[in-house]
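Here the structure comes first, spelled out in structure tokens, and everything after it is commentary.
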């Protein structure tokens with residue numbers, strides 16, 4: 003930070019932003035990592051750089067920004083249902099949604115697990131449409147043993163404060179395509195970074211030097227944080243494994259994950275209480291859990307009214323939105339706290355009967 | 003900055019962002035100052051918060067982001083010509099452009115000088131349309147003796163590193179309308195700041211704590227910087243006043259300005275060389291000047307092709323784009339350097355004949 007003040011170079015693709023881009027490209031084994039001020043703007047600029055027009059297939063079981071980026075870019079979402087086990091967009095259902103108005107598929111690597119990127123690459127190639135990925139959750143994760151970042155035309159990471167790699171706010175768009183990288187840099191506005199090319203419009207997606215400084219520190223810490231997250235996820239798996247009606251999402255066998263997300267699915271019948279009741283009890287006990295994502299993008303105010311055809315068309319998504327929750331992980335936790343959270347959940351399960359009576363009165 | 007790390011609260015409308023918003027609102031005498039990660043995103047979110055649909059009248063003699071914000075928001079620009087003396091959008095020409103498809107006027111306070119905001123407020127009221135202002139240049143400037151920030155439905159400031167108030171990247175949207183402020187905060191995404199309201203879409207326009215920290219420091223320095231800028235502008239006025247064919251833009255009588263912009267207009271006939279020739283000579287002598295704005299927004303790649311009706315309809319704008327330039331000011335300058343720049347410009351004028359011959363060979 004002192005160097006930033008000494009140089010009096012605060013933004014406009016400065017030396018730290020350039021260094022972060024170079025290190026990210028090397029780490030992820032991609033030709034270009036184009037840093038952005040946040041992941042949402044990365045997705046918006048990505049859609050413009052790809053020169054998309056028409057409809058884009060994406061899951062509704064994702065952070066709302068995935069869909070909102072399309073709306074900002076003048077595109078229409080086509081919401082696709084997801085696989086009940088992996089929570090990822092279902093490639094077969096996506097194939098059935100391709101029509102003449104669809105110009106692209108946006109895959110989302112949910113929970114840092116791979117969303118079958120090679121199947122979506124094939125689907126896009128067979129139909130002559132684009133494919134790109136919202137990889138907001140997936141920094142440092144693999145698909146088929148290959149690091150996420152180089153799949154499709156491009157992949158978009160988020161470096162928000164809640165992410166495994168943090169620049170406080172931030173993100174980057176990765177691609178192996180030189181022309182696409184030039185368009186991304188021009189739309190972002192970069193003050194001379196790379197060659198000027200003709201683009202449909204510009205925005206301001208620049209990452210400041212202060213963001214880049216924190217991103218560089220976070221990148222150095224990544225292996226350590228990944229090991230810590232892995233230990234936390236293993237603790238959750240061990241401690242929750244004995245409680246009926248809970249299912250912890252796991253990285254597929256053979257894949258590396260950042261293990262940032264401790265996501266459980268609650269089967270009300272076996273567990274004794276439904277997700278919402280468990281959520282309210284944990285909240286009341288100051289456990290920082292989240293009903294992530296509820297509602298699905300297809301049922302939010304704007305999309306519900308504008309695209310009513312999707313409201314009742316995503317049964318698996320609706321089921322997950324009502325049964326999935328995130329347990330706390332990351333820097334505010336430790337193994338002791340995780341053990342306490344799991345003990346509390348076990349207590350809730352064992353006393354589900356009386357708690358159900360109390361909850362129904364509340 | 004140490005406090006940010008101690009709190010481990012890096013973004014999401016943190017304590018520093020809240021403090022900056024409160025101080026800005028007080029300084030500018032407005033009810034709400036909604037901070038954004040940059041001014042371009044502020045303008046994009048403003049257009050969505052105003053629920054605009056259709057066409058918006060704005061000048062083409064402005065930074066390209068003014069127009070681009072409309073394109074991101076799904077709106078069409080109607081480019082209006084400017085006044086040759088003030089360089090501001092001409093209210094009479096704007097009145098002639100209002101038709102049934104026009105939903106709003108976006109005034110731009112160019113060079114920190116007021117763009118007749120009350121005339122545009124009247125024009126909007128008479129036609130039942132919205133009016134808002136791009137005040138990127140105008141922090142701490144007055145219109146009719148009133149600080150800019152409270153005119154129209156809202157005003158958008160930029161806190162980019164090149165601006166008089168800097169948060170490295172940053173901006174804010176000011177309004178006295180509670181409902182509009184709630185919509186702005188919801189579209190920005192603020193994690194619980196203010197009441198939730200129904201909005202057409204969200205984005206991510208959050209200002210991080212590091213940005214807010216620098217913005218707060220810069221706001222403390224503002225009176226000092228304004229005095230410094232004022233002294234620099236007076237020096238330019240005194241030293242350039244004797245050179246024929248140069249006209250320095252000045253704040254209107256009775257108005258306060260941040261004096262951040264030292265803008266001259268070159269009359270080739272009287273000066274002896276045209277703006278481009280003078281620009282190239284100054285550049286060659288390492289004077290950090292800018293041909294700001296060339297071309298006008300109406301002649302940039304995207305708008306030229308999409309809205310050809312404006313290409314030849316803005317004679318004053320075209321003339322200014324060919325004759326106006328910015329001289330260096332701000333923290334990298336001092337009175338000695340300004341005196342050297344003016345001496346160089348005087349030398350160029352006195353030797354315009356031979357230099358013209360050299361320039362024509364180059």
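Chains as they are written, first to last, in this note's numbering: chain A, 3 to 364; chain B, 3 to 364.
Backbone N, C-alpha and C fix where the C-beta goes; we use that ideal spot for every residue, glycine too.
Cβ of residue i within 8 Å of any chain B Cβ
{"i": "residue 208 of chain A", "result": "yes"}
{"i": "residue 12 of chain A", "result": "yes"}
{"i": "residue 200 of chain A", "result": "yes"}
{"i": "residue 212 of chain A", "result": "yes"}
Residue i at chain A interface by Cβ criterion, 8 Å
{"i": "residue 157 of chain B", "result": "no"}
{"i": "residue 42 of chain B", "result": "yes"}
{"i": "residue 170 of chain B", "result": "yes"}
{"i": "residue 38 of chain B", "result": "no"}
{"i": "residue 205 of chain B", "result": "yes"}
{"i": "residue 222 of chain B", "result": "no"}
{"i": "residue 163 of chain B", "result": "yes"}
{"i": "residue 67 of chain B", "result": "yes"}
{"i": "residue 234 of chain B", "result": "no"}
{"i": "residue 304 of chain B", "result": "yes"}
Unbroken alpha helix (DSSP H) run spanning residue i, endpoints
{"i": "residue 183 of chain A", "result": "180 to 190"}
{"i": "residue 228 of chain B", "result": "211 to 242"}
{"i": "residue 201 of chain B", "result": "Neither: residue 201 of chain B is in no alpha helix (DSSP H) and is coded neither H nor E."}
{"i": "residue 350 of chain B", "result": "337 to 352"}
{"i": "residue 47 of chain A", "result": "41 to 51"}
{"i": "residue 115 of chain A", "result": "Looking at the DSSP string, residue 115 of chain A is not in any alpha helix (DSSP H), and its letter there is neither H nor E."}
{"i": "residue 391 of chain B", "result": "Past the edges of chain B, shown from 3 to 364, lies residue 391 of chain B, and the structure says nothing about it."}
{"i": "residue 9 of chain B", "result": "4 to 9"}
{"i": "residue 165 of chain B", "result": "Run containing residue 165 of chain B: none; DSSP gives neither H nor E here."}
{"i": "residue 305 of chain B", "result": "303 to 308"}
Closer than 7 Å: residue i CB and nearest the ligand MN heavy atom
{"i": "residue 355 of chain B", "result": "The ligand MN is absent from the structure shown, which contains no ligand whatsoever."}
Neighbour flag for residue i against chain D, beta carbons, 8 Å
{"i": "residue 3 of chain A", "result": "Absent here is chain D; the protein component of the structure consists of chains A and B."}
Enclosing beta strand (DSSP E) for residue i [first to last residue]
{"i": "residue 160 of chain A", "result": "157 to 160"}
{"i": "residue 327 of chain A", "result": "326 to 329"}
{"i": "residue 267 of chain A", "result": "264 to 268"}
{"i": "residue 208 of chain B", "result": "Taken as a continuous stretch (DSSP letters only), residue 208 of chain B belongs to no beta strand (DSSP E), as it is neither H nor E."}
{"i": "residue 26 of chain A", "result": "Looking at the DSSP string, residue 26 of chain A is not in any beta strand (DSSP E); the run it does join, the alpha helix (DSSP H), is 17 to 30."}
{"i": "residue 250 of chain A", "result": "248 to 250"}
Those residues which DSSP pairs with residue i across a bridge
{"i": "residue 135 of chain A", "result": "A:109 and A:157"}
{"i": "residue 84 of chain B", "result": "B:91"}
{"i": "residue 35 of chain A", "result": "A:176"}
{"i": "residue 60 of chain B", "result": "B:81"}
{"i": "residue 72 of chain A", "result": "DSSP, once it has assigned bridges, lists no residue as partnering residue 72 of chain A."}
{"i": "residue 1 of chain B", "result": "Past the edges of chain B, shown from 3 to 364, lies residue 1 of chain B, and the structure says nothing about it."}
{"i": "residue 292 of chain B", "result": "B:328"}
{"i": "residue 104 of chain A", "result": "A:57"}
Chain-ordered residues of the region 71 to 84 of chain B with a beta carbon less than 7 Å from chain A:
Correct list: 73, 74 and 76.
Below 8 Å, can you find three or more Cβ-Cβ pairs linking the region 57 to 68 of chain A to the region 100 to 108 of chain A?
At 8 Å Cβ cutoff, the stretches touch.
With three or more beta-carbon pairs closer than 8 Å as the criterion, would you say the region 195 to 205 of chain A touches the region 232 to 241 of chain A?
No, the region 195 to 205 of chain A is not in contact with the region 232 to 241 of chain A.
Inter-stretch contact (C-beta, 8 Å, three-pair minimum) for the region 145 to 153 of chain A and the region 183 to 192 of chain A
Contact fails: fewer than three Cβ-Cβ distances are below 8 Å.
Tell me whether the region 116 to 131 of chain B and the region 176 to 185 of chain B touch, counting them as touching only if at least three CB pairs, one residue from each stretch, are closer than 8 Å.
With the rule of 3 Cβ pairs closer than 8 Å, the region 116 to 131 of chain B does not count as touching the region 176 to 185 of chain B.
Three-pair Cβ contact test at 8 Å for the region 289 to 299 of chain A versus the region 325 to 338 of chain A
Yes, they touch.
Check whether the region 206 to 225 of chain A touches the region 64 to 78 of chain A, taking contact to mean three or more Cβ pairs, one atom from each stretch, closer than 8 Å.
Judged by Cβ distances under 8 Å, the region 206 to 225 of chain A makes no contact with the region 64 to 78 of chain A, as fewer than three pairs qualify.
Could you say if the region 238 to 252 of chain B and the region 340 to 351 of chain B meet the contact criterion of at least three C-beta pairs nearer than 8 Å?
With the rule of 3 Cβ pairs closer than 8 Å, the region 238 to 252 of chain B counts as touching the region 340 to 351 of chain B.
Three or more C-beta pairs below 8 Å linking the region 108 to 119 of chain B and the region 90 to 97 of chain B:
Contact holds between the region 108 to 119 of chain B and the region 90 to 97 of chain B, because three or more Cβ pairs, one in each stretch, are under 8 Å apart.
Assess, as a yes-or-no matter, whether the region 134 to 141 of chain A is touched by the region 160 to 173 of chain A under the definition of 3 or more beta carbon pairs within less than 8 Å.
Yes, since at least three Cβ pairs between the region 160 to 173 of chain A and the region 134 to 141 of chain A fall closer than 8 Å, the two stretches touch.
Touching by the beta-carbon criterion (3+ pairs, under 8 Å), the region 81 to 90 of chain B and the region 298 to 312 of chain B
Segments in contact, yes.
Are there three or more Cβ pairs, one per stretch, closer than 8 Å when the region 347 to 357 of chain A is compared with the region 244 to 259 of chain A?
Between the region 347 to 357 of chain A and the region 244 to 259 of chain A there are three or more C-beta pairs closer than 8 Å, enough to call the two in contact.
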